[in-house]
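Chains as they are written, first to last, in my numbering: chain H, 241 to 741; chain B, 241 to 741; chain R, 323 to 491; chain G, 323 to 491. Even for Gly, the Cβ is constructed at its ideal location relative to N, Cα and C. Below: the structure, in structure tokens.
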Amino acid sequence: MIEKVLIANRGEIAVRIMRSCREMGIKTVAVFSEADRRALHVRYADEAYFIGPAPSNESYLVVDKIMDVAKQTGADAIHPGYGFLSENPGFAKRVEKEGLIFIGPTADAISTMGDKVTARKTMIKAGVPVVPGTEATLESDEQAKKTVKEVGLPVMIKASAGGGGKGMRMVKTEENIIPALRAARSEAKEAFGDDAIYVEKYVTSPHHIEFQVLADTHGNVIHLYERECSVQRRHQKVVEETPSPLLRDDVRQKMGKDAVEAARAVNYRGAGTVEFIVDEDQNYYFLEMNTRLQVEHPITERVVGVDLVKEQINIANGKPLTYRQEDLKQFGHAIECRIYAEDPNNNFMPSPGLIKHITEPMGLGVRTDGYVHEGYEIPLYYDPMISKLIIWGSDRKDAIGRMRRALHEYKITGVRTTIKFLEKIMQCDDFIKGTYNTHFIENNYEFLTSNEDCDETCEDLAVITAFFDYISKVDHMKSDRNVTKLNAWKEFGRRKGVMRL
Amino acid sequence: MIEKVLIANRGEIAVRIMRSCREMGIKTVAVFSEADRRALHVRYADEAYFIGPAPSNESYLVVDKIMDVAKQTGADAIHPGYGFLSENPGFAKRVEKEGLIFIGPTADAISTMGDKVTARKTMIKAGVPVVPGTEATLESDEQAKKTVKEVGLPVMIKASAGGGGKGMRMVKTEENIIPALRAARSEAKEAFGDDAIYVEKYVTSPHHIEFQVLADTHGNVIHLYERECSVQRRHQKVVEETPSPLLRDDVRQKMGKDAVEAARAVNYRGAGTVEFIVDEDQNYYFLEMNTRLQVEHPITERVVGVDLVKEQINIANGKPLTYRQEDLKQFGHAIECRIYAEDPNNNFMPSPGLIKHITEPMGLGVRTDGYVHEGYEIPLYYDPMISKLIIWGSDRKDAIGRMRRALHEYKITGVRTTIKFLEKIMQCDDFIKGTYNTHFIENNYEFLTSNEDCDETCEDLAVITAFFDYISKVDHMKSDRNVTKLNAWKEFGRRKGVMRL
Amino acid sequence: MAYEVNVDDRTAKVELAARNENQLSIKVDDITYDVDLIRVEEGVYSILYNGKSYNVELIESGSERKYVVNTLYNSYNVEVVDAETRYRRIRNRSIMEEGESHIKSPMPGKVVSVPVKKGDEVSVGQTVIIVSAMKMESEFKAKKDGTIKDILVNEGDTVKGDQDLIVIE
Amino acid sequence: MAYEVNVDDRTAKVELAARNENQLSIKVDDITYDVDLIRVEEGVYSILYNGKSYNVELIESGSERKYVVNTLYNSYNVEVVDAETRYRRIRNRSIMEEGESHIKSPMPGKVVSVPVKKGDEVSVGQTVIIVSAMKMESEFKAKKDGTIKDILVNEGDTVKGDQDLIVIE
């Protein structure tokens with residue numbers, strides 16, 4: 241049985257994993273870079289070890305350093321979280337070679353699903369529908385041109401090693417085939433060190449819908465229903481919900497079965513996500529499989545009632561799944577909003593910096609998974625996502641109402657965040673109707689970035705408050721001129737944790 | 241349809257009600273006393289009005305003041321919360337007389353259930369089991385003595401107008417009958433202005449189990465299962481859970497039906513709670529009905545999936561219930577811990593004062609309903625409960641593990657709280673086994689108030705931290721002697737909201 | 323005493339007319355506001371005005387006179403101007419060099435590269451510096467034609483929000 | 323320089339042996355602790371010691387030298403004593419009146435009643451004052467036989483935590 245887990249990650253996901261470990265009585269080991277000595281995952285863990293400078297390729301991505309800490313602390317398992325080393329088959333292999341448990345799938349499953357062309361072939365063999373396109377990578381420009389014409393415009397040209405929208409080009413007209421191909425190839429080379437390219441039919445009005453799966457080492461595979469992830473910006477998910485407002489129940493059942501088949505095809509183990517692209521007529525096609533925990537896993541946890549991290553650990557312990565497919569149903573509706581430290585009014589420019597003040601939303605049906613706190617300085621080296629707000633409601637309408645209320649309560653000052661932008665999404669007709677697809681944000685961009693009208697009172701009250709604060713400071717300063725010593729003590733005592741000792 | 245609700249309450253319950261109103265798009269009006277200008281319910285509401293000095297009998301209990309605000313603001317309904325005016329039939333009548341909606345039962349139902357002897361009679365007529373005892377109040381000492389002997393010792397002597405343990409005496413021996421009777425009578429007179437007394441058989445090893453009910457104005461009554469509330473201190477609930485670890489399912493079904501009958505017997509309307517006393521053999525007896533929302537309602541909300549405040553408002557709007565009995569089941573397990581500003585190591589002495597720092601627990605299955613924040617000064621006039629921590633788990637064991645984790649994360653400094661005491665409850669064998677009854681706290685008092693052993697390291701690290709903080713202050717002060725002006729500004733800027741402007 | 327308060331592009335005349343603890347009477351231009359205004363947390367005020375409950379957040383930004391003020395849906399840049407500041411500002415304006423353009427970083431980050439050097443001629447829209455933060459690179463472009471007068475940072479430097487990076491003349 | 327630090331009933335000799343930013347070497351009596359100690363929030367320190375992660379909360383209590391220190395499960399009263407304080411304390415001890423007993427309120431509250439008056443003789447266990455807070459009344463009793471020397475509060479007064487209420491001689 242696993243008794244001590246090293247979490248090879250940082251931020252909200254590291255803390256989230258540690259929470260489930262603590263609930264199970266399992267000890268946790270954190271690793272941290274120079275930028276993260278004050279971070280919550282370091283404080284939350286039972287043990288914490290320094291592994292190098294701030295840039296992740298000198299710390300969180302260095303396999304040797306992480307293995308050293310694991311062995312030194314006697315950890316019997318490593319949880320990779322998401323991002324960083326989570327989909328690196330070499331890391332998974334290394335962990336097992338050193339006699340530790342990798343909380344995730346086998347290196348083989350990661351490799352197969354990591355190469356998009358191999359994954360496509362495997363799915364076709366397993367009978368899971370894929371987007372019409374090539375089965376092999378495109379070798380020459382001529383071959384590419386011919387293949388594109390066969391598939392039929394418009395198409396997507398994609399990097400085989402790809403992910404996150406990199407090395408991806410849409411082609412609508414014939415004369416763009418060659419330039420797009422070359423651009424995709426060079427971007428892929430740059431990003432993944434591999435310029436292999438393939439082509440897929442472009443699906444219009446696409447929905448991005450994914451299925452959560454769990455597989456144990458005894459041949460049991462189940463799905464935990466879908467997540468609708470079509471609200472995206474630059475291929476980055478912004479809002480997710482479950483159930484999908486689009487899916488008919490017969491399609492849901494069929495997709496669930498195919499997701500299970502997809503996992504079986506690679507002898508999957510642990511928690512994974514099968515992503516599909518779905519058109520307006522609810523035709524669906526396998527897109528890719530994420531062989532790790534997803535950012536948006538909490539909405540599934542809420543609606544299906546399963547702690548996915550605990551299931552991961554049970555599976556890693558060699559236990560059979562706690563649930564059978566027929567035990568699981570979707571209960572109510574859940575929505576997740578990702579809070580980014582970005583400025584929506586300035587082209588979503590990242591906004592690292594010092595958190596001055598936070599008010600977290602609370603009450604019925606509200607879960608927040610974050611890692612920042614007052615006085616914390618968000619480092620500029622890592623992902624700008626600082627928190628996830630997960631809402632449950634008895635139905636979709638109830639969940640939207642509650643999400644609005646929770647976003648209204650959520651205050652973070654000191655850095656710019658996407659909270660107001662998310663509130664606008666919750667007020668947007670297309671979202672409320674549930675008729676949105678992946679073009680939602682561009683289609684509603686003007687509405688989403690507009691400012692709420694405020695009567696003049698608002699502005700005058702802003703003036704009054706600032707004015708009053710200022711004159712109070714002046715008064716206070718005058719009366720305090722002669723009490724230097726006292727103030728120095730007090731000032732020190734009140735100073736937030738921004739002082740470098 | 242209700243469009244604006246006045247909440248005649250304060251603290252966590254006022255905020256909790258406002259949250260559901262906001263989710264439904266209903267405007268809220270707060271009222272506040274002199275001690276509450278900074279309180280969260282004032283800041284959370286759309287409108288807020290001052291109603292008098294800090295003591296509640298000069299503000300929150302003054303019907304005229306509350307009615308004035310309601311009419312002035314055009315509120316169409318009043319929600320009384322719990323405590324204060326919530327079980328005052330005169331207030332319910334007054335609200336309706338003035339043409340507003342009282343979000344609660346009729347004045348008649350409140351009166352009938354408010355008088356314990358009348359309630360007993362009504363239940364006997366409705367076929368709901370009551371504790372063996374008198375049907376009438378005891379007039380003379382002689383009659384009392386005779387009745388007690390008929391019922392058989394031990395007995396409880398109780399005030400007919402009673403509640404909260406006041407005017408209540410247990411009698412074990414014959415010679416104590418008369419003194420106990422007189423003491424109960426005089427305490428009842430003092431507390432309720434009514435010295436009517438009755439007698440009930442004392443149930444040994446009692447469990448306190450209550451059923452949540454909902455009734456609409458169309459004759460539909462349902463129950464939302466039970467809450468086990470046997471962890472009590474001085475008749476005050478400390479921890480509640482659902483489902484009860486004691487109840488057999490057949491007893492659960494039978495009690496649920498009786499709870500519905502109890503509500504029907506008084507033509508109940510809205511949300512209410514039927515309290516039962518249950519002995520070791522799962523014989524159960526009606527104890528009383530609370531004709532309002534309970535403090536512990538969130539555990540029912542979590543396990544049954546119903547927002548009780550929204551249901552209250554729907555019922556007040558004259559709508560039929562959203563759920564039928566057969567729609568409702570218990571899903572997983574929920575536990576609530578009440579956090580009091582009290583010192584468990586000093587006989588639970590109240591501990592009002594200034595909150596210096598709070599860290600709220602977060603993540604999967606965690607809900608907190610509180611109203612205090614950093615820099616808030618807990619007033620000494622009201623109830624010492626400052627927060628409720630509500631935990632869900634897939635089963636009881638999972639919920640206990642998660643509660644331990646959440647209490648571990650929960651930090652409140654500045655005032656003494658019961659957090660550590662609650663952690664001990666979660667570690668206590670009797671609680672973990674689920675075999676506890678209302679004697680749980682006295683039976684385990686020594687364990688519950690003992691300190692966790694800490695090796696010498698802990699103490700030395702405490703010394704090191706204080707020492708280091710002190711010498712840093714000294715260094716800082718020396719280097720800062722000559723920057724008075726700057727510090728005065730900074731000090732002001734950082735000062736928490738404790739300054740009286 | 324009346325103050326001038328700048329809020330975004332507007333300048334308002336503001337005066338405290340009367341005060342009784344947290345009951346304030348404040349004149350903004352021609353309107354007198356009777357408000358119940360109280361500080362409830364660090365940087366957070368609660369205001370009751372005509373019965374309505376408002377929450378206003380203040381963040382000091384760069385100086386004790388400057389604030390970012392957040393109301394429910396709006397964010398304002400507010401600056402309180404006292405007599406001394408007004409005087410200093412008038413004096414400074416006359417001695418300030420004209421025609422300089424400062425490229426500032428709108429956020430903290432790391433300088434990735436500076437594709438220009440001191441003395442280079444640049445034209446509007448030309449990229450003069452690239453800064454990265456949170457795995458995203460941002461290019462900052464010249465806002466006017468001119469000459470690079472000064473480069474205040476080096477490649478690899480960590481910069482703060484609102485820091486001057488490059489001066490174009 | 324070595325300090326004396328009182329922690330509950332123990333007095334420890336404490337000295338900073340070496341320091342490199344947040345890497346500290348601190349001697350407590352005979353043990354040298356090499357810790358990574360850093361302030362993470364107001365009044366909250368994170369300590370890494372032998373790889374273990376500890377969180378320690380400090381609350382200043384009454385003076386800059388006195389703290390309530392909370393570790394995970396324990397709470398300590400800690401006082402840092404410097405040379406000056408030690409001297410003052412020794413001097414004071416000799417001039418302090420002997421045999422006085424102060425009744426203090428352990429919590430903030432409101433004085434409900436004072437059933438004694440100045441000059442009254444009281445005996446151990448006799449109630450001398452009743453204070454209420456949060457709807458609960460607490461009776462405070464004389465800890466020794468003696469005479470009421472002083473009553474420092476009136477009925478209806480609001481009192482702070484740790485405030486002197488009554489002096490018995």
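Taking 9 Å as the CB-CB cut-off, is residue i touching chain H?
{"i": "L474 of chain G", "result": "no"}
{"i": "R256 of chain B", "result": "yes"}
{"i": "S375 of chain R", "result": "no"}
Going straight from the alpha carbon of residue i to that of residue j, what length do you get?
{"i": "H537 of chain B", "j": "Y465 of chain B", "result": "11 Å"}
{"i": "L346 of chain G", "j": "R387 of chain G", "result": "20 Å"}
{"i": "E443 of chain R", "j": "I253 of chain H", "result": "48 Å"}
{"i": "S296 of chain H", "j": "S273 of chain H", "result": "8 Å"}
{"i": "I615 of chain H", "j": "Y621 of chain H", "result": "The identity of residue 615 of chain H in the sequence shown is Gly, whereas the question assumes Ile. Looking at the two C-alpha atoms, the distance is approximately 18 Å."}
{"i": "M602 of chain B", "j": "K305 of chain B", "result": "39 Å"}
{"i": "I257 of chain H", "j": "K432 of chain G", "result": "47 Å"}
{"i": "I247 of chain B", "j": "T675 of chain H", "result": "37 Å"}
{"i": "S375 of chain R", "j": "I652 of chain B", "result": "27 Å"}
{"i": "K440 of chain R", "j": "S712 of chain H", "result": "46 Å"}
{"i": "K477 of chain B", "j": "R644 of chain H", "result": "33 Å"}
{"i": "Y772 of chain B", "j": "N684 of chain B", "result": "Here chain B comprises residues numbered 241 to 741, so residue 772 of chain B is not present and cannot be evaluated."}
{"i": "A505 of chain B", "j": "S326 of chain B", "result": "20 Å"}
Shorter than 9 Å from the beta carbon of residue i to some beta carbon of chain R?
{"i": "P584 of chain H", "result": "no"}
{"i": "E480 of chain B", "result": "no"}
{"i": "R259 of chain H", "result": "no"}
Cβ of residue i less than 9 Å from any chain B Cβ?
{"i": "S380 of chain H", "result": "no"}
{"i": "Y325 of chain G", "result": "yes"}
{"i": "S494 of chain R", "result": "Lying outside 323 to 491, the shown extent of chain R, residue 494 of chain R is not represented and no answer is given."}
{"i": "A340 of chain G", "result": "no"}
{"i": "D404 of chain R", "result": "no"}
Kindly list the residues whose CB is nearer than 6 Å to the CB of residue i, restricted to its own chain and excluding five residues on each side of it in sequence; keep chain order.
{"i": "K471 of chain R", "result": "V489, E491"}
{"i": "G447 of chain R", "result": "K463"}
{"i": "K596 of chain B", "result": "T653, G654"}
{"i": "E419 of chain G", "result": "Caution is warranted here: a pLDDT of 46 is assigned to E419 of chain G, below 50, making its placement in the model unreliable, and no coordinate value can be reported."}
Please go through the same chain and pick out, in chain order, the residues whose beta-carbon is closer than 7 Å to the beta-carbon of residue i, but skip the five residues on each side of it.
{"i": "S591 of chain B", "result": "A581, E582, D583, V655, R656"}
{"i": "D222 of chain H", "result": "Within the shown structure, residues of chain H are numbered from 241 to 741, placing residue 222 of chain H beyond reach of any answer."}
Closest by CA to residue i, which one among the options?
{"i": "E338 of chain B", "options": "B:A359, B:I672, B:P320, B:D316", "result": "B:D316"}
{"i": "T480 of chain R", "options": "R:V434, R:V366, R:K374", "result": "R:V434"}
{"i": "V366 of chain R", "options": "R:T393, R:P428, R:H424", "result": "R:T393"}
{"i": "G354 of chain H", "options": "H:G373, H:D434, H:V309", "result": "H:D434"}
{"i": "G454 of chain G", "options": "G:L474, G:K482, G:D330", "result": "It is worth fixing the name first, because residue 454 of chain G is Ser in this sequence and not Gly. Of the listed residues, the one whose Cα sits closest to S454 of chain G is G:K482."}
Give every residue of the same chain whose Cβ lies closer than 8 Å to the Cβ of residue i, excluding the five residues on either side of it in the sequence, and list them in chain order.
{"i": "T313 of chain B", "result": "K244, L246, V269, E287, Y289"}
Runs of alpha helix (DSSP H) lying entirely within the segment 243-331 of chain H, each at least 4 residues, in chain order: 251-263, 280-284, 303-313
Start-end ranges of the beta strand (DSSP E) lying completely within the segment 361-397 of chain R, minimum 3 residues: Taking only runs of at least 3 residues, the beta strand (DSSP E) segments lying wholly in the segment 361-397 of chain R are 366-371, 374-382, 388-392.
Whole runs of the alpha helix (DSSP H) within the segment 408-448 of chain B, excluding any shorter than 4 residues: 417-432
3-residue-minimum beta strand (DSSP E) runs that sit fully inside the segment 497-533 of chain H, ordered along the chain: Whole beta strand (DSSP E) segments, 3+ residues: 510-518, 524-530.
Complete runs of the beta strand (DSSP E) confined to the segment 643-676 of chain B [at least 3 residues]: 651-653
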